[in-house]
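Novice:
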Amino acid sequence: MTRTIAEQTEEQLGGPDGILARQRRDHREMTRLMDRYREAGPGDDGERALKDVVQLVFSHAFAEESVLWPAVRRSVPDGEELTSRVEEEHQQINDLFTDIERLAPGSPEREDGIARAFALIEQDIRDEEDLLLPRLQEAVDTPRQRRLGTAWEAVRKTAPTHPHPVVPRRPPGNAIAGVPLSVYDRARDALGRVPSTSAWRTLAVPGALLAAAVLVGAWRRRR
-2 MTRTIAEQTE EQLGGPDGIL ARQRRDHREM TRLMDRYREA GPGDDGERAL
48 KDVVQLVFSH AFAEESVLWP AVRRSVPDGE ELTSRVEEEH QQINDLFTDI
98 ERLAPGSPER EDGIARAFAL IEQDIRDEED LLLPRLQEAV DTPRQRRLGT
148 AWEAVRKTAP THPHPVVPRR PPGNAIAGVP LSVYDRARDA LGRVPSTSAW
198 RTLAVPGALL AAAVLVGAWR RRR
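Okay, so the sequence shown: first residue is -2 according to my numbering, each after it adds one.
Dropping the structure here:
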């Protein structure tokens, strides 16, 4: 019988370096940051919390889609169905935050979008911790869980940190598209604004999409 990873000890999850413990730590941090935004509301403190939510959610999801979900599809009998469900949630979150970033802070429309995005993130956490990750835990031994954790963390630390809805959700396209987008996003985060908007967008985003399209085409021809 599968058991949610929310109720297991760190040792049961394969230790602090295993993929399950790493996932749960990130989920708990997401929850803490969302609660901080709810408490602070619109304003400087709330905007800082929201920025931290966005950066964590999108780097976390990118690492899942690049490293973790392919492993689930290889190892879990119904892995395709489980990961497709989570990928759909990721896309909905992506779309909502794309709209949120275009709206004025404090506007009713933006606050409604944030509330809906937070609700989806919480649903995504439950789906992963209660359904998907326990199935992976059953199928994969502890040494492999730790190897997945190391690979996942390496990708997360260099992943894009903002929504990019048109980027593919699966390898190989997302991995190639993520390189220039990560540079763009992390420069944006460091500066607190979009760096040289026209130049960066002109080069980074279309370049990422072109690279992704080329690689996806080559990958499909090899199948």
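Glycine is no exception: its CB is placed at the ideal position from the N, C-alpha and C atoms.
Treat the numbers as computed from the prediction; the structure is a model and nothing was measured.
#1: Report all residues from its chain with a CB closer than 8 Å to the CB of Val83; omit the five preceding and five following residues, and keep chain order.
#2: Just how far apart, CA to CA, sit Thr308 and Ser104?
#3: Let me know the secondary structure DSSP gives Gly110 once reduced to three states.
#4: Measuring CA to CA, which of Ala156, Leu133 and Thr155 is closest to Leu145?
#5: For a quick check, are the C-beta atoms of Val64 and Val152 less than 8 Å apart?
#6: Would Ala101 pass as an interface residue toward chain D - the criterion being a Cβ-Cβ separation below 8 Å?
#7: Quick one: any contact between the stretch 19 to 31 and the stretch 49 to 57, if contact means 3 or more CB pairs under 8 Å?
#8: Which residue marks the beginning of the alpha helix (DSSP H) containing Ala18, and which one marks its end?
#9: Could you check which residue in Glu135, Arg185, Thr(-1) and Arg183 has the C-alpha nearest to that of Ala68?
#10: If you measure between the beta carbons of Tyr34 and Leu47, is that distance less than 8 Å?
#11: Considering only residues of the same chain and omitting the five flanking positions on each side of Arg71, which have a CB-CB separation below 6 Å?
#12: Is the CB-CB distance between Arg143 and Gly38 below 8 Å?
#13: Can the beta-carbon of Asp186 be found closer than 8 Å to that of Thr158?
#14: Out of curiosity, what's the CA-to-CA distance linking Asp41 and Asp138?
#15: Taking all protein chains shown into account, do 16 or more other C-beta atoms lie within 10 angstroms of the C-beta of Ala114, making it buried, or fewer, making it exposed?
#16: Taking all protein chains shown into account, do 16 or more other C-beta atoms lie within 10 angstroms of the C-beta of Gly110, making it buried, or fewer, making it exposed?
#17: Could you check if Leu178 is buried or exposed, using at least 16 other CB atoms within 10 Å of its CB as the buried criterion?
#18: When you compare only the Cα positions, how much space is there between Ile118 and Asp75?
#19: Does Val137 come out as helix, strand or coil in the three-state DSSP assignment?
#20: Compare the Cα-Cα distances from Arg29 to each of Asp49, Asp14, Gly15 and Ala58 and report the closest residue.
Specialist: Quick look at the numbers:
#1: Indexing the sequence shown from 1 puts residue 83 at position 86. For Val83, where only same-chain residues beyond five positions count, the Cβ hits under 8 Å are Glu61, Trp66, Asp121, Asp124, Glu125 and Leu129.
#2: Examination of residue 308 is not possible in this model, given that the chain is present from -2 through 220 alone.
#3: One-based indexing of the sequence shown puts residue 110 at position 113. The three-state reading of DSSP puts Gly110 in helix, counting H, G and I together.
#4: Walking along the sequence shown from the start, residue 145 turns up at place 148. Measuring from the Cα of Leu145, the nearest candidate turns out to be Leu133.
#5: Within the sequence shown, numbered from 1, the residue matching residue 64 stands at position 67. Within the sequence shown, numbered from 1, the residue matching residue 152 stands at position 155. Result yes, Cβ atoms of Val64 and Val152 sit closer than 8 Å.
#6: Going by chain labels, chain D is absent from the structure shown, which holds only one protein chain.
#7: Yes, they touch.
#8: As a position in the sequence shown, residue 18 is number 21, starting the count at 1. Counting along the chain, the alpha helix (DSSP H) containing Ala18 begins and ends at Ile16 to Ala37.
#9: Taking the first residue of the sequence shown as position 1, residue 68 is located at position 71. Selected option, being the one with the closest Cα: Glu135.
#10: The residue labelled residue 34 in the question sits at position 37 within the sequence shown. The residue labelled residue 47 in the question sits at position 50 within the sequence shown. For Tyr34 and Leu47, yes; Cβs fall inside 8 Å.
#11: In the sequence shown, counting from the first residue as 1, residue 71 sits at position 74. Nothing listed; no residue qualifies.
#12: Numbered from 1 along the sequence shown, position 146 holds the residue referred to as residue 143. Numbered from 1 along the sequence shown, position 41 holds the residue referred to as residue 38. No, the Cβ-Cβ distance between Arg143 and Gly38 is not below 8 Å.
#13: What you label residue 186 is simply residue 189 of the sequence shown in a count that begins at 1. What you label residue 158 is simply residue 161 of the sequence shown in a count that begins at 1. Yes, the pair counts as a contact, with Cβ atoms nearer than the cut-off.
#14: Within the sequence shown, numbered from 1, the residue matching residue 41 stands at position 44. Within the sequence shown, numbered from 1, the residue matching residue 138 stands at position 141. Whole-angstrom Cα-Cα distance: 45 Å.
#15: Within the sequence shown, the letter at position 117 stands for residue 114. It is buried - the Cβ of Ala114 has at least 16 other Cβ atoms within 10 Å.
#16: Counted from its first residue, the sequence shown places residue 110 at position 113. Gly110 sits buried, since 16 or more C-beta atoms from the chains shown fall within 10 Å of its C-beta.
#17: Counting from one through the sequence shown, the residue named residue 178 turns up at place 181. With 16 or more Cβ atoms within 10 Å of its Cβ, Leu178 is classed as buried.
#18: Within the sequence shown, the letter at position 121 stands for residue 118. Within the sequence shown, the letter at position 78 stands for residue 75. Taken atom to atom, the span from the alpha-carbon of Ile118 to that of Asp75 is near 22 Å.
#19: The count along the sequence shown starts at 1 and reaches residue 137 at position 140. DSSP places Val137 in coil when its eight states are reduced to three.
#20: Translated into the one-based positions of the sequence shown, residue 29 becomes position 32. Closest by alpha carbon: Asp49.
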